[in-house]
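Residue numbers (our numbering): 790 to 1107.
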Amino acid sequence: MTHRRSILLSAMVLAVMSATPAWAQKKIVVGFAQVGAESEWRTANTNSIKETAAKEGIELKFADAQQKQENQIKAIRSFIAQKVDVIAFAPVVNTGWDTVLKEAKAAKIPVILTDRSVETKDESLYLSFLGSDFMEEGRKAGRWLLEKAKTMKGEINVVELQGTVGSAPAIERKKGFEEIIKANPNIKIIRSQTGDFTRAKGKEVMEAFLKAEGKKINVLYAHNDDMAIGAIQAIEEAGMKPVKDITIISVDAVKGAFEAMMAGKMDVSVECNPLLGPQLFAAVKDVVAGKTIPRRIVTQEGVYTMDMAAKEFPNRKY
Ligand code: GZL
């Protein structure tokens, strides 16, 4: 055997021997504080995070905050006390996080935001924000309505079911939608109220809209499918027909939206991808390995209309 080959071989043997066996490598421990379980989207998001952690052999400490900021803050404090390697969370609202994030920073625990972002002057309080561009989702909904409006006569009165008050998706989906529809002065938002991203509240608020405005309503813009599906029930119970009497525009594109579109009860749903697990834990592993991660990781998303629903439905993962 040549001298060179023997050096190469011994180097390889050394490398194999010095590599720490998998069972001896310290498991990465991640603390995740989830918003809650308010919607189909959230359930799919939670499943993606839990399934990916298990697949990657990462120990996941998971807390469900039942849509309360104080519960998320409590969970983050417990992760700090347990000295986890990384903290990740989906902030239920976008303000009020500096104090607890400063505690995480003092404990030298990196933080990754998923799904929703936070407002803070101190950029060092989190490493990265992984999630959708909610402004663009609102713009996509607005662009769809501008096109649809070309086939509609006279005033186009919109009622809007907003997401959780103070949450990034609610603020930005509203802003993006309004930015686009102002191009057509016939389109007016005549009522706008939060349905807190839930079916029950979406139905309740739509009942109030129908009582107040009735047949004046031409379009519903719902910030998520759960509220849209609740509103569709209210529209039918009021003796009106979704799509035919009231155009239904929604966001998320979860299975329930595809079922509604295939039943001819929803016009369009703008996709908001909940399957953030793979991107989150790839970022976690990079952080633990000392690599830098992008400040902003955007998820790719489409727009699904009623005529596309049946063909696309079998491909849906959530
Ligand atoms: C969006 C996410 C929103 C979904 C809702 O990324 O935060 O919260 O649109 C969910 O369905 O409740």
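Think of the CB as a built atom: it goes at the ideal place given N, C-alpha and C, for glycine as much as any other residue.
Cβ-based neighbour list, residue i, same chain, cut-off 8 Å, excluding 5 preceding and 5 following
| i | result |
| --- | --- |
| Lys-963 | Gly-927, Glu-949, Gln-951, Ser-981, His-1012 |
| Ile-979 | Asn-946, Val-947, Val-948, Glu-1002, Lys-1005, Ile-1006 |
| Val-1073 | Ile-817, Val-819, Ile-847, Asp-874, Val-875, Ala-877, Ile-901 |
With 16 other Cβ atoms within 10 Å as the buried cut-off, status of residue i
| i | result |
| --- | --- |
| Arg-988 | buried |
| Pro-880 | buried |
| Gln-855 | exposed |
| Lys-910 | exposed |
| Asp-1096 | exposed |
| Gly-1091 | exposed |
Whether residue i touches residue j by CB criterion (8 Å)
| i | j | result |
| --- | --- | --- |
| Ser-906 | Asn-883 | yes |
| Gly-1066 | Glu-840 | yes |
| Tyr-1093 | Ser-1058 | yes |
| Val-1077 | Glu-829 | no |
| Met-1016 | Gly-984 | yes |
| Ala-852 | Gln-823 | yes |
| Leu-914 | Lys-894 | yes |
| Val-1008 | Thr-1036 | yes |
| Phe-1070 | Glu-845 | yes |
| Glu-827 | Phe-986 | yes |
CB-CB length for residue i against residue j, believed under 8 Å
| i | j | result |
| --- | --- | --- |
| Asn-973 | Ala-930 | At roughly 14 Å, the Cβ-Cβ gap does not stay under 8 Å, so Asn-973 and Ala-930 are not in contact. |
| Gly-991 | Gly-1028 | Contact doesn't hold; Cβ gap of about 19 Å is too wide. |
| Ala-877 | Thr-835 | About 12 Å; that fails the 8 Å criterion. |
| Ile-1021 | Lys-1054 | 5 Å |
| Ile-1061 | Asp-1041 | A small correction: the amino acid at residue 1061 is Cys; Ile does not occupy that position in the sequence shown. Right, the Cβ-Cβ distance comes to about 5 Å (below 8 Å), so this counts as a contact. |
| Asp-936 | Lys-977 | The question names Asp, but residue 936 in the sequence shown is Glu. Incorrect: roughly 18 Å between the Cβ atoms, too far for contact. |
Contact set for residue i: own chain, Cβ-Cβ below 6 Å, skip 5 residues either direction
| i | result |
| --- | --- |
| Pro-958 | Phe-923, Gly-952 |
| Ala-833 | Pro-1063, Tyr-1107 |
| Pro-899 | Val-875, Leu-916, Val-1076 |
| Pro-1031 | Ile-1021, Ile-1024, Ile-1037, Lys-1054 |
Limits of the alpha helix (DSSP H) - the one that residue i falls within
| i | result |
| --- | --- |
| Ser-837 | 829-845 |
| Glu-908 | Note, Glu-908: premise wrong, no alpha helix (DSSP H); not H, not E. |
| Asp-1041 | Unbroken run through Asp-1041 is the beta strand (DSSP E), 1036-1041; no alpha helix (DSSP H). |
| Asp-922 | Asp-922 -> no alpha helix (DSSP H), and no H or E assigned at all. |
Bounding residues of the beta strand (DSSP E) (the contiguous stretch that carries residue i)
| i | result |
| --- | --- |
| Ile-1086 | 1085-1087 |
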